[in-house]
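> FYI, our numbering numbers position 314 of the sequence shown as 325, with every residue one higher than the one before it.
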Amino acid sequence: MPTIDAFETWLRPDAAGLCCIPGGFHVDPARAVERAIITHGHSDHARSGHGAVLATPETIAIMQARLGETCAGSFQALRYGETLDIGDVALRLVPAGHILGSAQVVIEHKGRRAVVSGDYKRAPDPTAAPFELVRCDLLVTEATFGLPVFRHEPDAREIGRLLASLKAFPERTHVIGAYSLGKAQRLIALLRAAGYDRPVWLHGALKPMCDLYVRLGIDLGQIALVSDAPDKLPGEIVLCPPSALKDRWSRRLTDPVTAYASGWMRVRARARQVGAELPLVISDHSDWPELIQTIAETGAEEVWVTHGREDALVHQIGLMGKRGRALALLGYEDEDGE
Ligand SMILES: [Zn+2]
Ligand SMILES: [Zn+2]
């Protein structure tokens, strides 16, 4: 079997992040580089200042909306499934199922295949193309929820809890903290899939990204700004950034039931800390069983772990008879992708 060093001749972590040496690019670099491939638009992966950015068309649109049209010197869009040859490296982006436009980077070099997953989940999500499993020799995986305690609920069950609460407290506003990119739009789409057809009311900070999703073809039904509401929205659903849950902003609503949608809501202390009366375990990352399943199904002999709970997952990878390694890359905080 090849050693870690065999992969390291062409894919290796450096001060900026994960670098493909023969391809001359970094994947999701934490500092500005000449050429970057960006897996998705969350701020710990997509940063400004790169010379050239290659990503899916959706990720490019999201980056330009969040960071400005000129956040990179140039942009090149690569659609899911299209192959691009860069020297003797063949490159492909395939869906990661994390948020709209999110991709795994498939890199082939001299008969060996590496997959850099970025953030991913395998549960269906109406706002993202479904995760595609790619068999490979080396898998670079995230580990945000890389502890056995993390098992996410089926999202339909969590949406059911929300709708039941709405029924039980028909006079109260249900205000849900949700990150502006990915979570907010997924929540709205899940509510629509469950048959909820009232307008969904938005804090101003969430509106631009919802509008962009709609422009990119994701149906969110009727959405409206809280600031345009005719009353204090009794019995309605309001989405806001998590930081707004505890501030004065929510006082304009009617006796609000506070909810928070995140994989971290599995942890009671976290739910208390963010002031969530109704914690909804809705995550855009793989939970522990999904991480293990993915590592097994890719057939990778070697697995590198980029961010999250590296230690537990690396240990588990060893138990699976594979070589595991914590990359300990800097700069991934997952500040808005939970
Ligand atoms: Zn991340
Ligand atoms: Zn993310």
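We put the CB at the ideal spot given by N, CA and C, even for glycine.
Roughly how many angstroms separate the alpha carbons of residue 236 and residue 251, rounded to a whole number?
Each residue's alpha carbon lies about 10 Å from the other.
> Roughly how many whole angstroms lie between the Cα atoms of residue 122 and residue 146?
Taking the straight line joining both Cα atoms gives about 13 Å.
> Which word fits residue 253, buried or exposed, when buried means at least 16 other C-beta atoms lie within 10 angstroms of its C-beta?
It counts as buried.
> Helix, strand or coil, according to DSSP, for residue 191 in the structure here?
Looking at residue 191 - three-state DSSP - the assignment turns out to be coil, as it is neither helix nor strand.
> Going by CA-CA distance only, name the one from 71, 294, 255, 287 that's closest to residue 155.
Looking at the Cα atoms, 294 is the closest of the given residues.
> Within the continuous beta strand (DSSP E) that includes residue 25, where are the two ends?
Run containing residue 25: 22 to 25, per the beta strand (DSSP E) assignment.
> Does the beta carbon of residue 242 fall short of 8 Å from some heavy atom of ligand 2?
Result no, Cβ not under 8 Å from ligand 2.
> Would you call the CB atoms of residue 130 and residue 81 closer than 9 Å?
Not closer than 9 Å, so no.
> Grouping DSSP H, G and I as helix and E and B as strand, with all else coil, what is residue 233?
Residue 233 falls in the coil class under three-state DSSP.
> How about residue 193: is its Cβ closer than 8 Å to a heavy atom in ligand 2?
Yes, since a heavy atom of ligand 2 falls inside the 8 Å radius drawn around the Cβ of residue 193.
> Could you work out which residue in 35, 231, 169 is closest to residue 291 when comparing CA atoms only?
Out of 35, 231, 169, 169 has the C-alpha closest to the C-alpha of residue 291.
> Consult DSSP for residue 271 and reduce its assignment to one of helix, strand or coil.
Of the three classes helix, strand and coil, the one that applies to residue 271 here is strand, per DSSP.
> Roughly how many angstroms separate the alpha carbons of residue 65 and residue 193, rounded to a whole number?
Spanning the two alpha carbons is a distance of roughly 20 Å.
> Determine whether the beta carbon atoms of residue 137 and residue 229 lie at a separation below 9 Å.
Yes, the pair counts as a contact, with Cβ atoms nearer than the cut-off.
> Using 8 Å for Cβ pairs, my map puts residue 301 next to residue 333. What's the rounded Cβ distance?
Wrong, their Cβ atoms sit about 17 Å apart, outside the cutoff.
> Grouping DSSP H, G and I as helix and E and B as strand, with all else coil, what is residue 18?
Of the three classes helix, strand and coil, the one that applies to residue 18 here is helix, per DSSP.
> Sort 124, 238, 61, 246 by Cα distance to residue 181 and report the nearest one.
For the residues 124, 238, 61, 246, the minimum Cα distance to residue 181 belongs to 246.
> Just to confirm the assignment: which complete beta strand (DSSP E) runs, minimum length 3, are found wholly within the segment 171 to 215?
Within the segment 171 to 215, the complete beta strand (DSSP E) runs of at least 3 residues are 185 to 188, 211 to 213.
> Measuring alpha carbon to alpha carbon, tell me which residue in 233, 19, 120, 275 is nearest residue 100.
Checking every option, the nearest Cα to that of residue 100 belongs to 120.
> Evaluate residue 178 with the Cβ neighbour count: other Cβ atoms within 10 Å of its Cβ, from every protein chain shown; 16 or more gives buried, anything less gives exposed.
Exposed, by the Cβ-count rule.
> With residue 70 as the anchor, note down where its alpha helix (DSSP H) starts and where it stops.
Counting along the chain, the alpha helix (DSSP H) containing residue 70 begins and ends at 68 to 78.
> Around the Cβ of residue 331, are there at least 16 other Cβ atoms within 10 angstroms (buried) or fewer (exposed)?
By the 10 Å Cβ count, residue 331 comes out exposed.
> Alpha carbon to alpha carbon, how far is residue 93 from residue 113?
Roughly 15 Å separates the two Cα atoms.
> Skipping 5 residues on each side, what residues in its chain have a beta carbon closer than 8 Å to that of residue 216?
Cβ neighbours of residue 216 beyond the five flanking positions: 191, 251, 252, 255.
> Can you find a heavy atom of ligand 1 that lies under 8 Å from the Cβ of residue 214?
No, Cβ of residue 214 sits at least 8 Å from all heavy atoms of ligand 1.
> Which residues bound the alpha helix (DSSP H) around residue 325?
From DSSP, the alpha helix (DSSP H) with residue 325 extends over 321 to 330.
> Which residues in the same chain have their Cβ closer than 8 Å to the Cβ of residue 403, if we skip the five residues on either side of it in sequence?
Look at the range of the chain in this structure, 12 to 349, and you will see that residue 403 is not part of it.
> Among the candidates 289, 283, 274, whose CA atom is the shortest distance from the CA of residue 267?
Nearest option by C-alpha distance: 289.
> Taking the CB atoms as reference points, tell me whether residue 111 and residue 103 lie closer together than 9 Å.
For residue 111 and residue 103, no; Cβs fall outside 9 Å.
> Say yes only if the C-beta of residue 61 is nearer than 8 Å to one or more non-hydrogen atoms of ligand 2, and no if none qualify.
No, the Cβ of residue 61 stays beyond 8 Å of every heavy atom of ligand 2.
> Hey, is residue 298 close to ligand 2, as in C-beta under 8 Å from one of its heavy atoms?
No.
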